[in-house]
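Participant:
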Amino acid sequence: MANHAAATYRSRVFAGIPREEHAGLLESVRAITQSYRQGEAIIRIGERMSFFPVMLTGAVQATVPRGSNTQIVERFGPGDSFAEAVVMSDGPSPVEIVALTDAEVLLLHRGRLLGASQRGAARLHANLVQEMSKKLVHLSVRLNLLAEPRLRNRILMSLESFGRSSEGEILLPYSRADWADYLGVNPKALMRELRRMQDETLIEVERKRVRLL
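Here the sequence shown is numbered in the numbering used here, starting from 1 and rising by one per residue.
1. What number of angstroms, rounded off, separates the C-alpha of Ser50 from the C-alpha of Gly77?
2. I'd like to confirm the pairing. Which residues does DSSP put opposite Met55 in its beta bridges?
3. Does the contact criterion of 3 or more C-beta pairs under 8 Å hold for the region 64–75 versus the region 134–154?
4. Thinking Ile45 and Val95 are a contact (beta carbons under 8 Å), I'd like their distance in whole angstroms, please.
5. Is Ile155 helix, strand or coil when you go by DSSP?
6. How many Å lie between Leu143 and Arg19 at the Cα?
7. So who's on the other strand from Ala41, going by DSSP bridges?
8. I'd like to know if the region 165–180 and the region 111–129 are in contact, where contact means that at least 3 CB-CB pairs between them fall below 8 Å.
9. Inspect the beta-carbon positions of Phe162 and Leu113 and report whether they are closer than 8 Å.
10. Can you tell me whether Lys80 is buried or exposed? The criterion is at least 16 other CB atoms within 10 Å of its CB, across all chains shown.
11. Where does Val64 sit, in a helix, a strand or coil, going by DSSP?
12. For Leu100, which residues from the same chain have a beta carbon less than 8 Å from its beta carbon, with the 5 sequence-adjacent residues on both sides left out?
13. Just how far apart, CA to CA, sit Ala2 and Arg152?
14. If contacts are defined as beta-carbon pairs under 8 Å, then Ile17 and Leu25 qualify, I think. What distance do you get, rounded to the angstrom?
15. Taking the CB atoms as reference points, tell me whether Phe82 and Ile97 lie closer together than 8 Å.
16. By DSSP's criteria, Gln118 is part of a beta bridge. Which residues make up the other side?
17. Name the residue from Ser93, Leu124, Pro187 and Asp199 whose alpha carbon lies nearest to the alpha carbon of Glu47.
18. First and last residue of the alpha helix (DSSP H) that includes Glu193?
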């Protein structure tokens, strides 16, 4: 398990756990490393996952079908856990996880981790839950956005999720190009719809500041 510890000690999932304890902890929960080739499916939509995954090398992405194509929901790299992208219960996965490059993933069996008495196991589980909770709201909003067929509704849903200042303004956390990518459209389509919404006095847009009218 020494190779696991060497690859994970910088991960937020192992924060607060001394590096010298990683190997013993991973041994106690019988962690395994699984290799995936570029393009290989790690989890398919509808499948169930019984492990906490932590990226060691490479990159993977979560996708959902969109018409005849697929839409990227999120990407994950070394040190990330993509557990929040998959229902961590007996429920089916709402996304497909595919290796974007050749990748190695550390698999922590959920039942063994929850039942482990090894020092550091509780902290590891708490770190995983904390990382998941940070991303779950974002992921939930993103999945709802991508399920909405109308671009205008997607724009309004995303604006509401960004929150408002005390003056009632919304400060966009993205550039226009990144916002378009977040919404699953091309930048020109986003700009056209924003202009229509301004012409209909639904919103005011000034650079990265938006006000709903």
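For each residue, glycine too, the CB sits at the ideal point set by N, CA and C. The structure presented is a predicted model; accordingly, all values stated were derived computationally and were not measured.
Facilitator: Straight from the coordinates:
1. 21 Å
2. Val105
3. yes
4. 6 Å
5. helix
6. 36 Å
7. Val98
8. no
9. no
10. Looking at the sequence itself, residue 80 is Asp, so the reference to Lys does not match. By the neighbour-count rule (16 or more Cβ atoms within 10 Å), Asp80 is buried.
11. strand
12. Gln38, Gly58, Ala59, Val60, Gln61 and Arg75
13. Annotation note: pLDDT 48 at Ala2 (below 50); position unreliable, coordinate value reported separately. The straight-line gap from Cα to Cα measures roughly 51 Å.
14. 7 Å
15. yes
16. Note: Gln118 sits in no beta bridge, so no partner.
17. Ser93
18. Pro187 to Asp199
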